[in-house]
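As structure tokens, the structure follows; a few thoughts come after it.
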Amino acid sequence: MWAVRSFTLQQMGRMAGLGRAAPAATRGFAKKTAKGDETFEVEITTPFEGHKLDEMPDQKVETTKAEVLGFFKDLFRMRRMEISADVLYKGKFIRGFCHLYDGQEAICVGMEASINYEDAIVTSYRDHCTYLGRGGNMYEVIAELLGRRDGCSKGIGGSMHMYLRENNFYGGNGIVGAQVPLGVGIAFQQKYNKKENCTFTMYGDGAANQGQGFEALNMAALWDLPVVYVCENNHFGMGTAEWRGSKQPAFYKRGDYVPGIKVDGMDVFAVKKAVAFAKDYVIKHGPLIMEMDTYRYHGHSMSDPGSTYRTRDEVSGIRSQRDPIERVRKLIQTMELATTAELKAIEKAARKEVEDAIAKAKECPEPPEEWLTKNIYSAAPHGFRTVRGTERGSLHPAS
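When we follow UniProt numbering, the leftmost residue of the sequence shown carries the number 1, and every step to the right adds one.
Here it is in structure tokens:
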């Protein structure tokens, strides 16, 4: 049995490149109360770290009262959805695999603040919040988790295979690391079609050693493709700490010849700033690796209690000093952007949204049996002769 290696909060901070873990209340900001859509600056307290970059983003990000309150709302909605999914799974309403995102929400929310739906995202099996951030609605997520026909993948994809083509969200992929080269392919078509957009191909620290990721990175670098490799480093690949599974756990440096940047992935403002920089960079210069230093509160999946390879003190320490929701809440309270009652109203509305989605999804029927054979075969593209393997009987003709 493996020995548990636990860390103090200060050690976790040094591992993340923070020097020490600073309380969220020490964030710098404009010393006045913002009103309406007035723009003000927020100081990012954790420095960005770069690899082979001539320029780096500065530590200040512009925002507005409306955006900050929007961040709080989106972060809380995602957190509430994931906590409810945990309860639904334990109640056996959700079956199969289920990987929760609570703790990592700032990545999704911060990214969407700096990109648009013409930019593409492809991610791993921890995809519920990414779908929501891309413009999907709560009911479609819950219905998909429950295997109902109104789900975003019609109830046949489940937790790991959410998809929103109209907003360029390409999953939700169940095989570790397999989505990374897909993202490079999407970026190829963006460059081929001369689009001023880019692709974010997301993976975890556990997938960072997959060979296919390096093969695709080589192509991306050769062709200067507009792709950002986003490594969501939550420090544990299943139950394996990063230092056990990777000789070089500074993932933003793993590209060698490809530049990289390390970001505090639990600070929504840092993510917003870094992603804006990354989008501009890759469209002009080609691929970039972005390591998001983050932390998941739940275990790897619902079968993992998350307690055999880390201590409760470690998890509670991260919660108390780096939680993305509480960091935004402190900023709101300090700058008097909203009252306590107004924040509670936002939280209440989010809870109701989730509860209503659950109630509606439970009443939704499951997909019919005949859907088992749906979407299995694809006709040949227009103008092409039959493509081998796409028509019934083309591989094994009936006798």
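Backbone N, C-alpha and C fix where the C-beta goes; we use that ideal spot for every residue, glycine too.
Beta carbon proximity, residue i to chain D, threshold 8 angstroms
i    : result
I325 : Reference to chain D is not applicable here, since this structure consists of a single protein chain.
Whole-number beta carbon distance between residue j and residue i, since they are thought to touch under 8 angstroms
i    : j    : result
M160 : G174 : 4 angstroms
P287 : V258 : 5 angstroms
G147 : G136 : Not a contact, Cβ separation roughly 17 angstroms.
D86  : H300 : With a Cβ gap of about 13 angstroms, D86 and H300 do not count as contacting.
E100 : R134 : For the record, residue 100 in the displayed sequence is Leu; it is not Glu. That belief does not hold up - the Cβ atoms of L100 and R134 are roughly 18 angstroms apart, past 8 angstroms.
H235 : D205 : 7 angstroms
V328 : F71  : 5 angstroms
E291 : N218 : Between N218 and E291 the Cβ distance is about 19 angstroms, and since that is not below 8 angstroms, they are no contact.
E355 : R77  : That belief does not hold up - the Cβ atoms of E355 and R77 are roughly 12 angstroms apart, past 8 angstroms.
K68  : L343 : The question names Lys, yet the displayed sequence has Val at residue 68. In fact, because the Cβ distance is near 11 angstroms, the residues do not count as touching under 8 angstroms.
F277 : P57  : 4 angstroms
I283 : E196 : 6 angstroms
Element boundaries [alpha helix (DSSP H), containing residue i]
i    : result
G183 : Q179 to Y192
E130 : In the sequence as presented, Glu is not what sits at residue 130; that position holds Thr. Unbroken alpha helix (DSSP H) run through T130: H128 to G133.
E144 : M138 to L145
F40  : Here F40 belongs to no alpha helix (DSSP H); instead the beta strand (DSSP E) covers T39 to E43.
A274 : V268 to H285
C108 : E105 to E112
E369 : That residue, E369, is in no alpha helix (DSSP H); it is neither H nor E in DSSP.
V176 : Neither: V176 is in no alpha helix (DSSP H) and is coded neither H nor E.
F251 : Counting along the chain, F251 falls outside any alpha helix (DSSP H), and DSSP gives it neither H nor E.
K92  : Neither: K92 is in no alpha helix (DSSP H) and is coded neither H nor E.
DSSP beta-bridge partners of residue i
i    : result
M202 : V230
L288 : V228
F169 : I121 and L164
Same chain, Cβ closer than 6 angstroms to residue i, five either side skipped, listed in chain order
i    : result
T64  : D37 and T39
K31  : In this prediction, K31 scores a pLDDT of 40, lower than 50, which makes its location untrustworthy; the coordinate-derived value is nonetheless stated afterwards. None.
I358 : I142
T123 : T130 and M202
F186 : According to the sequence shown, residue 186 is Ile rather than Phe. So the list reads A120 and T199, once near-sequence residues are dropped.
C98  : Y89, S159 and M302
A113 : K272
L182 : V122
G28  : In this prediction, G28 has a pLDDT of 38, which is less than 50 and means its spatial position is unreliable; what the coordinates show is noted afterwards. Once the five neighbours on either side are set aside, the close Cβ partners of G28 are E43.
Y170 : V122
E242 : D205, H235 and P249
I346 : K73
K52  : P259
Helix, strand or coil at residue i [DSSP, three-state]
i    : result
H51  : strand
F97  : coil
G70  : helix
D293 : strand
T63  : strand
K262 : strand
A359 : helix
P305 : coil
V122 : strand
P23  : Reliability of the predicted coordinates at P23 is poor, the pLDDT of 37 falling under 50, and no value is obtained from them.
T46  : coil
L164 : strand
F29  : Legend: pLDDT at F29 = 39, less than 50; position of this residue unreliable, value from coordinates given subsequently. If DSSP states are grouped into helix, strand and coil, F29 belongs with the strands.
S399 : The pLDDT assigned to S399 is 47, lower than 50, so where the model puts this residue is not dependable; a value taken from the coordinates is nonetheless given after this. S399: coil per DSSP, three-state reduction.
A338 : coil
Q212 : helix
Sequence-distant residues of the same chain with beta carbon closer than 8 angstroms to residue i, five excluded per side
i    : result
R79  : D102, E105 and I325
R351 : R80
Continuous beta strand (DSSP E) stretch holding residue i: start and end
i    : result
T311 : No beta strand (DSSP E) holds T311; DSSP gives it neither H nor E.
Beta-carbon proximity list for residue i, same chain, < 7 angstroms, skipping 5 on both sides
i    : result
R149 : G155, C364, P365, E366 and P367
A208 : C231, S246, F251 and R254
I107 : E232, G265, V271, M292 and T294
T26  : At T26, the pLDDT of 35 sits below 50, so the modelled position is not reliable and the matter cannot be decided from this model.
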